[in-house]
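Here the sequence shown stands for residues 166 to 1124, numbered as in my numbering. Glycine included, C-beta positions come from ideal geometry on N, C-alpha and C. Have a look at the structure below, then the notes.
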Amino acid sequence: MSLVPEIDYGTPASTSEAMVTLTIDGRQITVPEGTSIMRASMEAGIQVPKLCATDMVDAFGSCRLCLVEIEGRNGTPASCTTPVAPGLVVHTQTGRLKDIRRGVMELYISDHPLDCLTCAANGDCELQDMAGAVGLRNVRYGYEGDNHVKARNSGDINLKWMPKDESNPYFTYDPSKCIVCSRCVRACEEVQGTFALTIEGRGFGSRVSPGMHEHFIDSECVSCGACVQACPTATLTEKSVIEIGQPEHSVVTTCAYCGVGCSFKAEMRGEELVRMVPWKDGQANRGHSCVKGRFAYGYSTHKDRILNPMIREKITDPWREVTWEEAYAHVANEFRRIQYQYGRESVGGITSSRCTNEETYLVQKLVRAGFGNNNVDTCARVCHSPTGYGLGQTFGTSAGTQNFDSVEQSDVVIVIGANPTDGHPVFGSRLKKRLRQGAKLIVIDPRRIDLVKTPHVEAAYHLPLKPGTNVAMMTALAHVIVTEGLFDEKFIRERCDWSEFEDWAAFVAEPQHSPEAVEQYTGVSPELVRGAARLYAKGGNGAIYYGLGVTEHSQGSTTVMAIANLAMVTGNIGRPGVGVNPLRGQNNVQGSCDMGSFPHELPGYRHISDDATRDIFEKLWGVKLNNEPGLRIPNMLDAAVEGTFKALYIQGEDILQSDPDTKHVAAGLAAMECVVVHDLFLNETANYAHVFLPGSTFLEKDGTFTNAERRINRVRKVMTPRNGYADWEVTQNMAKAMGLGWNYQHPSEIMDEIAATTPSFAMVSYDYLDKIGSVQWPCNEAHPLGSPIMHTDGFVRGKGKFIRTEYVPTDERTGPRFPLLLTTGRILSQYNVGAQTRRTENVVWHAEDRLEIHPHDAEQRGIRDGDWVRLASRSGDTTLRALITDRVAPGVVYTTFHHPNTQANVITTDFSDWATNCPEYKVTAVQISPSNGPSEWQLEYDEQARQSRRIAGKLEAAE
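What follows is the structure, given as structure tokens:
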């Protein structure tokens, strides 16, 4: 094995369709118009020396190494900033150019440390490479006088020297090695869009500065790693490279955090991971990354990982380590006993959206073929199940319509109920880039998210609606479009059911749906609503991106249908730059749904009651399948409390922390007789488990993830599983113990079975993915290269379906006892329940969940910034510290849910979406009051958790 090669062409590719032919060093080459001479040279196999140029950012032309000569032109222009032209004759290597380049390189080296042998970048330093490329053999200028290299000059303090900045937990900044090429500054601006770096000073005094001469940790830097990746020297270097050394081989794999599905090169020394580097050929991320995917992989080797199976008779007992064989036999015997005693429907399973498609497929297969029922569900139940229902009803398929590249052609973007810069940061960066290029933005969110106003980006409209009024808002937007005649009649007549449109149009045109009428619910000015509707309808390509702020409501499915109505009525479906795009929360939540993780659907979203579909699986699996839908997660917990549901296999989910109404979840788990948790750590759910099966990380397995754009990406094993088995092997061994004759030798065989039974995956195989990189389903004979854009010629269901979306206020109401509305969300540095990110250095940025509260509400309650407050609802109470901010409106408070010691979900209620049971996380009536310590519930919970995590034979640390 070796490092995966990547060519740096120096400047970005041109998108022009016009072609230009020129001659470079005697070779004719034809390239797109607008291509730089540097890139054209590289495409011809001719490498022009460079330092300030890299193909991730626009040309800059400051290093003066890439000079060329062009016949018929005077001077020596920079090849990075000079575009090709027809008939040009270019020379990249002449005596004049060699002398200039050596002279420039001498100047660089005269103010650079000569510690190459002990430098962390030794072997991966472009300055070192270019010194060799230009033939530099000596430096005439010496190393005395003004410099940035030495702390002292002739015994005097050197004011131009700066010490290393070690404040960031993941990389160092060594100003003495900076050549002021500005690549890091440009990467921060052009790729990430944070504008956290600048060049301070002038001339010889210039240097890179985070913010206003701040430390990196105190600046606006979001630690995406773009600057580190761009740096051609050791100025910005990963601390892991400094500690371990340069990698010797790499493997391309897929990030296991959010639904963007970024591709990375895992760069290794032996079985030790040196660093994760975003892969430029990754079609979801295009070479960019965020702090989680780039740096937060330390959880994979964290001391908290459980590496041996454990069992116990009662949840009050300490854990006892056992062999794998004992664990499998125990689970098989218990599930067999429980089904004999309580009936076939008394057991079930929950698949993981963090595991691979293949592992998820096996869990639902185990439930259906092994348990003999359909009691299987997944975390999408509590996040994007309304997406599946709403888009399935309107479009005919349960997924987003576009690829992420599509945003580059959008003219107007609506972001509703999502916070891309925190929840999906790589897509957020791509969106910001398009907005800086001139696209318009409409934000619909109770909170002032970063996109409302961030450097060089400002939303044209921010509609700060009250939580729970999404349907009223979307219908009001439709009202304006219909009553002002802004709809696309040609598209509707060709692509949708016209009579259904007429019925829907009459409905939304009713006066009670006007912006003026719904202001009483939404609290948003009618002028803002009308302006936003007109902009979306007439502003060109209109795209809608939404998140859990849409789905996690009692009318989540209704809002999804309202969004689909809005896209259809304006004709914004079926081409690049438009569409309806759910931003999926977890790395494989799309895949877990695709694989048949819902109790009513087999893989490929085919209903369990369909005889023909069941027949496919019955013949292959050799069993008779139950044709009745099984229990959803909330139903499982209800049945457990009632005494009819007694055993549950949970792979890679922490329902006690992530699901609503924590006390009800705890009661359900406590009522079961055999809870099997299959995970990396003793998570919160494991407090109520009887069996713990150690899981494996994404670095320790082969498989596939499917991201939010339906992209099927390979996950590749880069190290041996520390627990001994990949998760698919654990499930298979458990199935064997239950008497099933499974004998998969590799996950590729599982994918072959998926492809053989699921039409949308018909052409997917590991060999095919290795050949073409990745593919978006449906991928079959009709779409051999996949489907980047859905519904191009017609909707999957035939005609697009307009559906009435009546606003029904949630039953969760504010009142004198609970006058405020709580809504929840994520923060950039943390992920989901925090089981992974809390075990990394990311806690530097978010060590605890905080409660955002408006200054007016805080003043009324005598609360100051940083005070401990009691957060109480009808369901329960907890305590956390206040963060006073005007990002939330008066009457609204906000918190994250990443830390179990806060347990925000003890506050949330059991209200849920009418169609899918997706919990209403985003609307909870609460009261805030000063507090001087943890709540009684928190104290009890902490003690129960401490007792539950005892392992026999292991000493607990002293208090």
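The Cβ atoms of Cys245 and Thr176 sit closer than 8 Å to each other. Leaving aside the five residues that flank Cys392 on each side, the residues in its chain whose CB is nearer than 7 Å to its CB run, in chain order, Cys349, Ala352, Cys353, Leu362, Leu401. Just measuring C-alpha positions, the residue of Val496, His549, Leu731 sitting nearest Gly904 is Val496. Per DSSP, the continuous beta strand (DSSP E) segment holding Leu858 begins and ends at 856-859. In this structure Glu717 is in contact with Pro1084, their Cβ atoms being roughly 6 Å apart against a cut-off of 8 Å. Taking 8 Å as the cut-off, the beta carbon of Ile202 is found closer than this to the beta carbon of Val249. Burial is judged here by how many other beta carbons sit within 10 angstroms of a residue's own beta carbon; Tyr306 has fewer than 16 and is exposed. Of the residues assessed, Met377 falls on the exposed side of the cut-off, its CB having fewer than 16 other CB atoms within 10 angstroms. Leu301 and Ile265 do not touch by the CB rule: their CB atoms are close to 12 Å apart, not below 8 Å. Given a length threshold of 3 residues, each whole run of the beta strand (DSSP E) inside the stretch 960-990 is given here in chain order: 985-990. DSSP, read as helix, strand or coil, puts Gln258 in coil.
DSSP places Ile1049 within a strand segment (E or B) once states are collapsed to three.
Going by C-alpha positions, Val880 is about 5 Å away from Asp867. With a contact defined as Cβ atoms closer than 8 Å, Gly508 and Val532 miss out at about 15 Å.
Taking a C-beta distance under 8 Å as the contact criterion, Thr1043 and Arg991 do not qualify as a contact pair. Separation of Ala243 and Thr257 (C-alpha to C-alpha, rounded to the nearest whole angstrom) is 10 Å.
Less than 8 Å divides the Cβ of Val1057 from the Cβ of Pro611. For Asn498, no beta strand (DSSP E) encloses it; the enclosing alpha helix (DSSP H) starts and ends at 489-507. The three-state reading of DSSP puts His678 in helix, counting H, G and I together.
In the DSSP assignment, Gln1001 forms no beta bridge with any residue. CA-CA distance, Gly650 to Arg1046, rounds to 50 Å. Sequence-distant partners of Ala625 (beyond 5 residues in either direction) whose C-beta falls short of 7 Å from its own C-beta, in its chain, are Lys605, Leu606, Ile607, Leu700. Judged by beta-carbon spacing, Arg969 lies beyond the 8 Å limit of Arg470, meaning their Cβ atoms are not closer than that value. Ala836 places its beta carbon 8 Å or farther from that of Val856.
Cα atoms of Leu324 and Pro859: separation of roughly 55 Å, rounded to the nearest angstrom. DSSP places Ala920 within a helical segment (H, G or I) once states are collapsed to three. The residues Cys420, Tyr422, Cys427, Phe429, Met441, in chain order, have a CB closer than 7 Å to that of Gly458 in the same chain once the five nearest residues on each side in sequence are set aside. DSSP places Val196 in the strand class (E or B) of the three-state scheme. Cβ contact annotation for Tyr770 (same chain, cutoff 6 Å, sequence separation greater than five): Ser563, in chain order.
Residues Leu531, Gly535, Trp907 of the same chain have their beta carbon placed closer than 7 Å to that of Ala900, with the five preceding and five following residues left out of the count. Rounded to the nearest whole angstrom, the CA to CA distance from Phe652 to Val645 is 10 Å.
For Arg595, the CB contacts under 7 Å within the same chain, skipping 5 residues up- and downstream, are Phe569, Val572 in chain order. In the three-state scheme derived from DSSP, where H, G and I count as helix and E and B as strand, Arg797 is classed as coil. For Arg660, the enclosing alpha helix (DSSP H) starts and ends at 654-660.
Under the DSSP definition of a beta bridge, Glu623 partners with Lys618. In this structure, Ala812 places its C-beta atom within 8 Å of the C-beta atom of Glu499.
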